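For the sequence shown, the positions run 240 to 429 when the working numbering is used. One structure below.
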Amino acid sequence: MPRVEMLPQQPQASAARALFDQVRNAKGPDFPMPDLYRVLGVAPPMFKAWLDFAWPLRLHAKTSRKLRELLILRGALVSQTPYEWAHHLPMADEAGVSAAQVEALPAWRQADCFDATERVVLQLADEVTAGPGASQDTIDALRRAAFDDEQIVELVLTASFYVCVSRFLNSMDIRPEAGYETPLPSVQPD
């Protein structure tokens, strides 16, 4: 149970209800509001800021969704965030991340199912999630992998945002909802 009381699926407060309606307008009228959003909705201005920041990262980035989902899943493993892992598995599948790649993420350095571009993105995920941030070597490797400055900003910002997501989820003790009880694999040492 989260550490603050979640809003119901149909909140009474107009500000929260308007934001839930915004989400359902994008996702469909019967979309079950995720527990993360039900907690964020307790603070409508913060929830609005979250949506205004998170959705462009997800929907309007120049970098491939597959790479960003690999980055997010790896970050969820490093930060040990079951909710983030469970919710992004279907998104990763939809974006083209293979089952073999998902299975190999805990020990990605030893796996042969990632190409050079995916490897540098996974390195970025590790550095940003573990902190303090991406190294110059990794930024240089992103450039060598043909990412331009805009794409580098997108990738670093995505990795950084999902560190925020994981810290919030873990701090609020938000656990995966029914139907999202996918076990979180353990990260293998290098």
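Don't be surprised by glycine CBs; every beta carbon is placed ideally from N, CA and C. Keep in mind the model is a prediction, meaning the values are calculated, not measured.
Where residue i falls: helix, strand or coil (DSSP)
| i | result |
| --- | --- |
| Glu416 | coil |
| Gly335 | coil |
| Glu244 | coil |
| Cys403 | helix |
| His326 | helix |
| Thr377 | helix |
| Met411 | helix |
| Asp269 | coil |
| Asp387 | coil |
| Gln319 | coil |
| Pro295 | helix |
| Val367 | helix |
| Pro424 | coil |
| Pro284 | helix |
| Gly372 | coil |
| Gln251 | coil |
| Phe259 | helix |
| Thr356 | helix |
| Ala398 | helix |
| Asp274 | helix |
| Lys305 | helix |
| Ala300 | coil |
| Ala343 | helix |
For residue j and residue i, believed in contact at Cβ under 8 Å, the rounded distance
| i | j | result |
| --- | --- | --- |
| Leu363 | Leu394 | 6 Å |
| Ala293 | Leu309 | Going by Cβ atoms, the distance from Ala293 to Leu309 rounds to 18 Å, so no, they are not a contact pair. |
| Ala405 | Pro345 | Note that residue 405 is Ser in the sequence shown, not Ala. About 16 Å; that fails the 8 Å criterion. |
| Tyr322 | Pro415 | 5 Å |
| Glu336 | Lys305 | Checking the displayed sequence, the identity of residue 336 turns out to be Val instead of Glu. The pair is a contact, with the Cβ atoms about 6 Å apart (cut-off 8 Å). |
| Gln251 | Leu290 | The Cβ separation is near 20 Å, so there is no contact. |
| Tyr419 | Ala325 | 4 Å |
| Thr320 | Leu396 | No, Thr320 and Leu396 are not in contact; Cβ-Cβ is about 18 Å, not under 8 Å. |
| Val359 | Ala398 | Rounded, the Cβ-Cβ distance is 12 Å, inconsistent with contact. |
| Ala255 | Pro283 | 5 Å |
May I ask you to verify whether the region 337-351 touches the region 297-304, counting CB pairs closer than 8 Å and requiring at least 3? no
Contact between the region 274-284 and the region 245-254: three or more CB pairs below 8 Å? yes
Cβ pair count under 8 Å reaching 3, the region 367-381 against the region 314-321: yes
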